[in-house]
Amino acid sequence: MPRTVEVAAGAGVGGLAVRVRLRGESVIWSGLMYPGLDDGVVGEVRFRLRQYLGEVERAYAAALE
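Residue 82 in the numbering used here sits at position 52 of the sequence shown, with consecutive numbering throughout.
Rendered as structure tokens:
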């Protein structure tokens, strides 16, 4: 089930919310609108599920320290 998640907040910047969904072995962030390296607009980013979950676990463990 897709969910909208706030991934960043900053003073004077507002926040960054993305739509997160799982499709097979990929985690997809959509709803983005920033300039890419090729001068196009990046609206979606995909991550491999295993790598994504590893980073979530690493960040969670670091936050507990």
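Every residue, glycine too, gets a C-beta built ideally from N, C-alpha and C.
Between the C-alpha atoms of Asp-69 and Ala-89 there is a straight-line separation of about 31 Å.
Non-local C-beta neighbours of Ala-38 in its own chain, meaning closer than 8 Å and more than five positions away in sequence, comprise Gly-45 and Leu-46, ordered along the chain. The alpha-carbon of Val-86 is positioned some 16 Å away from that of Val-75. In the three-state scheme derived from DSSP, where H, G and I count as helix and E and B as strand, Gly-44 is classed as strand.
Gly-73: member of the beta strand (DSSP E) spanning 71-78, first to last residue.
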